[in-house]
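The listed protein sequences derive, respectively, from chains A and B.
For what it's worth, our numbering labels the leading residue of the first sequence as 1, then goes sequentially.
For what it's worth, our numbering labels the leading residue of the second sequence as 1001, then goes sequentially.
See below for the structure under consideration.
Protein chains: 2
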Amino acid sequence: MAVMTRWLDPDEQRTWRAYVAASRALMDALDRELQRDAGMPHAYYELLVRLSEAPDRQLRMSELAEASGSSRSRLSHAVARLEAAGWVRREECPTDRRGQIALLTDEGFATLAAAAPGHVEGVRRHLFDALSPAQVDQLRRISETLAEHLTGS
Amino acid sequence: MAVMTRWLDPDEQRTWRAYVAASRALMDALDRELQRDAGMPHAYYELLVRLSEAPDRQLRMSELAEASGSSRSRLSHAVARLEAAGWVRREECPTDRRGQIALLTDEGFATLAAAAPGHVEGVRRHLFDALSPAQVDQLRRISETLAEHLTGS
DNA sequence: GCGCTTTGGTTGAGCGTTCAACTATCTTCG
DNA sequence: CGAAGATAGTTGAACGCTCAACCAAAGCGC
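In structure tokens form, the structure reads like this:
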């Protein structure tokens, strides 16, 4: 038997469209700024951040994929580029011969350190400056709920 | 004189990371579903929606770009693909000989109509079902504020 | 009417992501 | 042990987006 579609009511429509417009505009702006100022897309910046926070600035490819919410394939291509740029090195994993370890180089760390202030400033300008403290708190709860909901299913 | 970076405090960090994770996961999920079920990415689906809502199901390229928050170049490439798929047709603009009009074909409309229920269901499942009515309202206000803030600057 | 600028739109190269194979290693279990 | 299946990661093709360069038509100033 046919299941009726639960269409969006006008309020939900409005919410959904605003959400899509805002999040795309935000990500586009940050991507553009990061590309201009640091020569890398936001996704790559995030990979460097994750590595910089890891013990010895290194992670297994699968751990890095997990930490960054990236597919294995995407990560593989990305790390290849980051390696070509001299920001990351790959090493064999001593405990699992299938494994690869991605390691942030000093040059990668320096590039990240140079890019960080501008990027953070962008996040602040485009996001936090526009919202009240209460809204920031709401956005945190909403985002955490959604993230959990999405990765849980 | 050097301006100090206004770094993110731990709460802001948490908010920002959750936001990025959630919005990427959400868009990725919808993109994957739409690609699987309708053979088009979410961005193309949105173009068809905008056209379907326009008078006579047609819009000037520049209007469509504006309505969808897309660059002219992106739209040009996108419409070329949509045209190749038979979902959109291009026509000369009678009042401005530089102009092009993008027109949703019957086939495009039918494809859209077939894709809509599944997509709406996905939006509901991934987004609205996870949030309380109050949160949906908060998200609407936040998103509208952000969208305005971003496109205004 | 005639240059200058602006606007509308396209194009091609380069890059990042996805998807579907594919290889190699590890694990499990009879 | 040895075969079957799971896991780690890579690869190449197809596709979508960005950026800069470009062309054509429209508007503007004189």
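We put the CB at the ideal spot given by N, CA and C, even for glycine.
In this text, all values refer to a predicted model and were calculated from it rather than measured experimentally.
According to DSSP, residue pairing for residue 1121 of chain B in a beta bridge does not occur.
According to the DSSP assignment, residue 1036 of chain B belongs to the alpha helix (DSSP H) that extends over 1010 to 1038. Residue pairing of residue 1088 of chain B in beta bridges, as defined by DSSP: B:1104. C-alpha of residue 1124 of chain B to C-alpha of residue 1133 of chain B: approximately 13 Å in a straight line. If you look at residue 60 of chain A, you'll find it isn't in any alpha helix (DSSP H); it sits in the beta strand (DSSP E) that goes 58 to 60.
Among the residues facing chain B, residue 95 of chain A is not included, as its CB has no counterpart in that chain under 8 Å away. Of all residues in the segment 1012 to 1028 of chain B, only 1012, 1014, 1015, 1016, 1017, 1018, 1019, 1020, 1021, 1022, 1023, 1024, 1025, 1026, 1027, 1028 place a beta-carbon less than 9 Å from a beta-carbon of chain A. DSSP places residue 1151 of chain B within a helical segment (H, G or I) once states are collapsed to three. Neighbours of residue 1098 of chain B in chain A, taken as residues at a C-beta separation under 9 Å, are lacking, since the least C-beta distance is about 26 Å. Shown here for residue 1061 of chain B: same chain residues with a beta carbon closer than 8 Å to its own, the five before and five after excluded, namely 1072, 1075, 1076, 1079, 1099, 1100, 1101, 1102 in chain order. Of all residues in the segment 69 to 93 of chain A, those with a C-beta nearer than 8 Å to a C-beta of chain B are 69, reading in chain order. Counting C-beta atoms within 10 angstroms of its own C-beta, residue 1108 of chain B has 16 or more neighbours from the protein chains shown and is therefore classed as buried.
Counting along the chain, no alpha helix (DSSP H) covers residue 1003 of chain B, and no H or E run does either. If you ignore the 5 residues before and after residue 1031 of chain B, its C-beta comes within less than 8 Å of the C-beta of 1041, 1042, all in its own chain and listed in chain order.
Going by DSSP, residue 43 of chain A is part of the alpha helix (DSSP H) stretching over 42 to 53. Distance from the CA of residue 1045 of chain B to the CA of residue 1113 of chain B, rounded to the nearest whole angstrom, comes to 11 Å.
C-alpha of residue 59 of chain A to C-alpha of residue 115 of chain A: approximately 21 Å in a straight line. Residue contact with chain A for residue 1130 of chain B: present (Cβ-Cβ distance below 8 Å to some residue of chain A).
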